[in-house]
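*Asks:* Add 12 to the 1-based position in the sequence shown for full-length UniProt numbering, that's all there is to it.
A virtual CB, placed ideally from N, CA and C, is assigned to each residue, including glycine.
These figures come from a predicted structure and were not determined experimentally.
Quick one: the structure is below, questions incoming.
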Amino acid sequence: KQTNGHEPEFLQAVQEVAEAVIPYIEGKEKYKGTKILERMVEPERVIMFRVQWVDDNGEIQVNRGYRVQMNSAIGPYKGGLRFHPSVNLSILKFLAFEQVFKNSLTTLPMGGGKGGSDFNPKGKSDVEIMRFCQAFMSELFRHIGPDTDVPAGDIGVGGREIGYLFGMYKKLRNEFTGVLTGKGRTWGGSLIRPEATGYGNVYFAQSMLETRGESFDGKTVTVSGSGNVAQYAVEKATQFGAKVVTMSDSSGFIHDADGIDADKLAFIMELKNVKRGRIKEYLDKYPSATYHEGERPWSVACDVALPCATQNELNGEEAQTLIDNGCICVSEGANMPSTPEAIEVFLNNKILFAPGKASNAGGVATSGLEMTQNSLRYSWTREEVDKKLKEIMKDIHAACEEYGKDENGFIDYVKGANIAGFVKVADAMIAQGVI
Ligand code: NDP
């Protein structure tokens, strides 16, 4: 659409879905005249607001806050908040649009949304983070609620930020409800939620590998990112017998040919989550590794690649390098990390490729389980939640197979995920009428 011409990330996400869905709906009686895709690409509501706060020097700061409420056909809006200087409406609309399909795939009753701010958390003191979160929530609180819209974390929003946001919501509303997910264990959070996206991605990749009689055991794995998703993807892949040789941040990547084992990962978790340092500091402790400033890890030979940092972090050329080096499986932990050119390379070479809306859905699925536990005022054990997560990832894999398998047995997970996610939401919208 002309009006969305200045929203490249959003158009990219819509194009991918449209290419899968249009051939599927064409000629089907139930979709005739429903304009269903045109209706789905328009957000139900977009909220933009001023966030003003005072920094440690007593200076007033102004940021922009957003919440894109994309689709509520099958449940309350649900999706994360991102705090990063690159945040704009195009990025949040792409993320909210993807979220609609992903949430539908989880089999749980959740609509899609996304929000955040162009606030840069890097270098801010803990008190500044708290003040910003409070200022952000002092507007957002009037638009969300446990039955309306339930935000969660994303880039730049982890357990600490969710705590400050929740505290402010509770104070303003004078009620203790499950309005946010990713909460701390003692105040309504779910076990396994921090691990869920990374673990879920590895569970999904494991299901893909099984279709070719393979497993993670003995495989060499490259991972990008060193945040929440990357950390737990590394943990689970290692537990499954793989050797993970790379991690990265926005400054560069580290390559440890001996593998990032549990002790080394514990060092990275402390470095990134507590000290909030840079990945290159890994070499201070493990000098046999190498650091590559300003580069991404896709030149390193691997069997499986797990991009877990951000959108458009793996291009067509890098995809070809991965294939040339023998990579057989790419499973996206981040949202839309592969460019359209990279996806084309993966599909043309018939490797196992999972789009994030299928393979990283474990995070929001476990957020859905957190919502259920909050409604029940009950808490499941670690084993119970992990079991449900595994079942959900298996179900998502089965749904992709149902809609994406061709006559030669090749599974196009992009097509499968898009159609499977679409059908449920489209049918619910049609049933609910033109409202
Ligand atoms: P974190 O903030 O915990 O970590 C993000 C990681 O990506 C950091 O290593 C960061 O490096 C790096 N990164 C961020 N922006 C860029 C950039 N522009 N270029 C290169 N590297 C970058 O976020 P999460 O781990 O939660 O999220 C990672 C991805 O996974 C995102 O795409 C998110 O949308 C997606 N996702 C997350 C879910 C979750 O449950 N957390 C659920 C589903 C998807 P640095 O430290 O330098 O900023």
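What does a CB cutoff of less than 7 Å around K400 pick up in its chain, not counting 5 residues either side in sequence?
*Replies:* As a working mapping, residue 400 is identified with position 388 in the sequence shown. Taken in chain order, the residues that qualify are L381.
*Asks:* The ligand NDP and G237: does any heavy atom of the ligand fall closer than 6 Å to the residue's C-beta?
*Replies:* As a working mapping, residue 237 is identified with position 225 in the sequence shown. G237 Cβ: within cutoff of the ligand NDP.
*Asks:* Unbroken beta strand (DSSP E) runs of length 3 or more, entirely within the region 208 to 281: which are they?
*Replies:* Those beta strand (DSSP E) runs which fall completely within the region 208 to 281 and span 3+ residues are 232 to 236, 255 to 261, 264 to 267.
*Asks:* Is any non-hydrogen atom of the ligand NDP found closer than 6 Å to the C-beta of V241, if you look at the structure I gave you?
*Replies:* Indexing the sequence shown from 1 puts residue 241 at position 229. For the ligand NDP, at least one heavy atom lies less than 6 Å from the Cβ of V241.
*Asks:* Is the closest heavy atom of the ligand SAH to the C-beta of A346 under 6 Å?
*Replies:* You won't find the ligand SAH in this model; what it holds is the ligand NDP.
*Asks:* Mind checking who T302 pairs with in its DSSP beta bridge?
*Replies:* Taking the first residue of the sequence shown as position 1, residue 302 is located at position 290. Paired residue(s): H267.
*Asks:* Compare the C-beta of P352 with all C-beta atoms of chain C and state if any pair is closer than 7 Å.
*Replies:* The structure shown contains no chain C; it is built from a single protein chain.
*Asks:* Three-state secondary structure (DSSP) at S350?
*Replies:* What you label residue 350 is simply residue 338 of the sequence shown in a count that begins at 1. Strand at S350.
*Asks:* Compare the beta carbon distance of C314 and A245 with 7 Å and say whether it is the shorter of the two.
*Replies:* To locate residue 314, count along the sequence shown from 1; it is residue 302. To locate residue 245, count along the sequence shown from 1; it is residue 233. The answer is no: Cβ separation not under 7 Å.
*Asks:* Should D261 be counted as a contact of the ligand NDP given a C-beta to heavy atom distance under 6 Å?
*Replies:* Residue 261 sits at position 249 when you count from the first residue of the sequence shown. Flag set: Cβ of D261 near the ligand NDP.
*Asks:* Taking the straight line between their C-alpha atoms, what separation do you get for I59 and V80?
*Replies:* For the purposes of this step, residue 59 is taken as residue 47 along the sequence shown, with counting starting at 1. For the purposes of this step, residue 80 is taken as residue 68 along the sequence shown, with counting starting at 1. Cα to Cα, the separation comes out at about 6 Å.
*Asks:* Less than 7 Å between the beta carbons of A370 and A429, yes or no?
*Replies:* Against the sequence shown, residue 370 aligns to sequence position 358. Against the sequence shown, residue 429 aligns to sequence position 417. Against a cut-off of 7 Å, the Cβ pair of A429 and A370 comes out as a contact.
*Asks:* Let me check understanding here. Comparing Cα to Cα, which of I272, G70, A85, E50 lies closest to A443?
*Replies:* Here the question's residue 443 lines up with position 431 in the sequence shown. Of the candidates I272, G70, A85, E50, the one whose C-alpha sits nearest the C-alpha of A443 is A85.
*Asks:* State buried or exposed for D161, treating a residue as buried only when at least 16 other CB atoms are found within 10 Å of its CB.
*Replies:* Taking the sequence shown and counting its residues from 1, one reaches residue 161 at position 149. Buried, since its Cβ has 16 or more Cβ neighbours within 10 Å.
*Asks:* Could you check if D68 belongs to the surroundings of the ligand NDP, using beta carbon to heavy atom distance under 6 Å?
*Replies:* As a first step, residue 68 must be located in the sequence shown, where it is residue number 56. Incorrect: D68 has no Cβ contact closer than 6 Å to the ligand NDP.
*Asks:* The ligand NDP heavy atoms versus the CB of G445: any closer than 6 Å?
*Replies:* For the purposes of this step, residue 445 is taken as the residue at position 433 of the sequence shown. Checking the Cβ of G445 against the ligand NDP gives no.
*Asks:* Who are the Cβ neighbours of H304 in its own chain at under 6 Å, not counting the five residues just before and after it?
*Replies:* Counted from its first residue, the sequence shown places residue 304 at position 292. Closer than 6 Å at the Cβ level, and outside the excluded window around H304, lie G264, F265.
*Asks:* Measure the alpha-carbon distance for G230 versus G433 and round it to whole angstroms.
*Replies:* Here residue 230 refers to the residue found at position 218 of the sequence shown. Here residue 433 refers to the residue found at position 421 of the sequence shown. Near 33 Å, if we compare the C-alpha coordinates of G433 and G230.
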